[in-house]
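Shown next, in structure tokens, is the structure this report addresses.
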């Protein structure tokens, strides 16, 4: 018998979303010992599966990505906890402290997976909203920042970008912009798709798009504006995608950047964060950029707070 | 031999666009004697056709819709005059007087089709834009209004809505919003399509969407907002389409309504104009609504100004 040390695996952590999974094998201090990606997300797993058979469909996908790792406490966040997930882990209502001590357990053949609930703002006089998975990244972000010493705006860019206001460890408000999804629809179908050629990176076109997106004639007008630029020979068809990206991101930033004086943190895919940082710099706002791997840190932090690792420590000490 | 009278056919007029054609048989005064619709628009005609064979592909479509009408002067506007059209009728540059005496003739087996050029704003320091077909509707609108006694904003809602500023018969500026195309993409694909059910008309949902679209968190955020409303049971899935329609139209109106004091005219599909009129009323702006059949009047007016009907009168008088 030995005490748990820093190099011994202590936790399996999963970020299990709509289109894929990321899995980490962590030690008791949250250090990453192994990391994997797979494409068995909610959409692939539930495709053609009756609601009653979903749990049975999730379990093999879980074993597939991490079944060869040691039997350990396991935690997951993301759409795996949605109504179409392995279990409906529900939502906590904003304002909500970022601690998440109440996880939802899913028993399976080799043990229990603990699923993190999402966050919601109920629809009422103001607009409602939901997030699932991002709450875990937020905990990782706060962990990485230490005490930010004041309110922070955390921006998680992606298919559905989240803008989150955090004060003293409490999420006080958030909003979702479906910017990435709009980009995907416009660049693959319809007028702009017919006008564009296969994308070639073009930072000047992106900057031009940012300027158009700030011009305030509206997203539907500035996006269409890419077409006359191509017709006039001012914009190359292969640069249309970057131009459109600039228009959409600038429109999002223009509308959701409410408090330019609060600290702003970007967390997500590196190239996407670079684009958002440029859009924010264009508005005179400097952002701290964190990697999306922060999710592993958030999962470890939640597991620790929920006592998942203590259980293991106890089991190890008292065999 | 007889003089041309009001009831004798004098002109064939076509509004020939991307997805279809409308054809009118008019008398010398522009009264409609017959009207037809067909679906042989630019997309259907040019699909899989080599650029060199396009003219040969347009001629049968022309005869198909109006080949059994008398041999008469003929005029067309719309995408039939684009680079992928029967002939490239070019563009006139804004500011442009709405007279269009220079039509582009296309000879065919039974005579000549006269095609109306479009309008463009060249891309420069400001944004560029193009229209083709709407310039003809504008002429019909001015004809219907008489002397509007001051600047007019004409809104032509549709797949690509046009907002046009007209002063003393001169188009001084215009902008295009791809609102209808965005609606079509969002309601058939992606997150909102999966959240929605088949549309059931719901004016209350439309009004709620209008209010959200005015809230200024941006189109990408307010459109996504339909999803939490459905998740919270506040919005029926079948009412999501009308909610989204309200969000998108309000966003367009918020951004493109520059001069609430100038007279505003709506021209287009009846149901769409009703929605825009509600969105404008929500901003305290009353609009005059005209039918999209105004295109026939515009085509007749252009044909008259270009002398197409005089030619016929002369031929009739001097056989």
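Residue numbers (UniProt numbering), protein chains in the order written: chain H, 1 to 319; chain B, 1 to 319. Just so it is clear, CB atoms sit at the ideal spot from N, CA and C, and this is done for glycine as well.
A direct Cα-to-Cα measurement between residue 77(H) and residue 172(B) gives close to 55 angstroms.
A direct Cα-Cα distance of roughly 7 angstroms separates residue 141(H) from residue 294(H).
In this structure, the CA atom of residue 297(H) is about 32 angstroms from the CA atom of residue 201(H). Sequence-ordered contacts of the region 203-221 of chain B with chain H read 212, 215, 216, 217, 218, 219, 220, 221 [C-beta pairs closer than 9 angstroms]. The criterion of a C-beta distance shorter than 8 angstroms is satisfied by residue 220(B) and residue 219(H). In the structure shown, residue 101(B) adopts coil according to DSSP, grouped into three states. Residue state for residue 21(B) is assigned as strand, using DSSP reduced to three classes. For the region 247-258 of chain B, the beta-carbon criterion of a distance under 8 angstroms to any beta-carbon of chain H is satisfied by 248, 251, 252, 254, 255, 256.
Bridge partners of residue 91(B) according to DSSP: 118(B).
With fewer than 16 other CB atoms across the displayed protein chains lying within 10 angstroms of its CB, residue 34(B) is exposed. Residues of the region 118-143 of chain H whose Cβ lies closer than 7 angstroms to any Cβ of chain B, in chain order: 122, 123, 127, 128, 129, 130.
The C-beta of residue 84(H) comes no closer than 8 angstroms to any C-beta of chain B. Apart from sequence neighbours up to five positions away, the residues of its chain that approach residue 269(H) with a beta-carbon distance below 8 angstroms are 157, 158, 292, ordered along the chain. Taking a C-beta distance under 8 angstroms as the contact criterion, residue 113(H) and residue 92(H) do not qualify as a contact pair. Excluding sequence positions up to five before and after residue 104(B), its CB lies within less than 6 angstroms of the CB of 87, 89, 115, all in the same chain and listed in chain order. Look at the region 227-238 of chain H: the residues with a C-beta under 9 angstroms from a C-beta of chain B are 227, 228, 229, 231, 232, 233, 234, 235. Residues of chain B with a Cβ closer than 9 angstroms to the Cβ of residue 185(H) are, in chain order, 182, 185, 186, 189, 190. Taking 8 angstroms as the threshold, the shortest C-beta distance from residue 79(H) to chain B does not fall below it. Proximity of residue 96(H) to chain B, defined by a Cβ-Cβ separation below 8 angstroms, is not satisfied. Counting only the Cα atoms, residue 239(H) lies some 20 angstroms from residue 215(H).
Residue 224(H) has a beta carbon lying within less than 8 angstroms of a beta carbon in chain B. For the C-beta of residue 101(B), not a single chain H residue is nearer than 8 angstroms; the gap to the nearest is close to 25 angstroms. Nearest CB-CB separation between residue 108(B) and chain H: not below the 8 angstroms threshold.
Under the 10 Å beta carbon count, residue 254(H) is surrounded by 16 or more other beta carbons and is classified as buried. For the region 145-177 of chain H, residues whose beta-carbon sits nearer than 9 angstroms to a beta-carbon of chain B comprise 159, 160, 161, 163, 175, 176, 177.
Uninterrupted alpha helix (DSSP H) stretches at least 4 residues long and entirely within the region 119-161 of chain H occur at 134-145, given in chain order. The C-alpha of residue 135(B) lies about 14 angstroms from the C-alpha of residue 303(B).
Going by beta carbons, residue 152(B) and residue 166(B) fall inside the 8 angstroms limit. Assignment of residue 232(H) by DSSP, reduced to helix, strand and coil, places it in the coil class. Counting along the chain, the unbroken alpha helix (DSSP H) around residue 245(H) starts and ends at 240-256. Residue-level contact by beta carbon fails for residue 304(H) and chain B, as no gap is shorter than 8 angstroms. Looking at the backbone, the Cα of residue 80(B) and that of residue 193(B) are separated by about 33 angstroms.
Here residue 179(H) is buried: its Cβ has 16 or more other Cβ atoms, across all protein chains shown, within 10 Å.
With at least 16 other beta carbons inside 10 angstroms of its own, residue 265(H) counts as buried. Per DSSP, residue 72(B) lies in no alpha helix (DSSP H) and is assigned neither H nor E. With respect to the C-alpha of residue 62(B), the residue from 16(B), 301(B), 99(B) having the closest C-alpha is 16(B).
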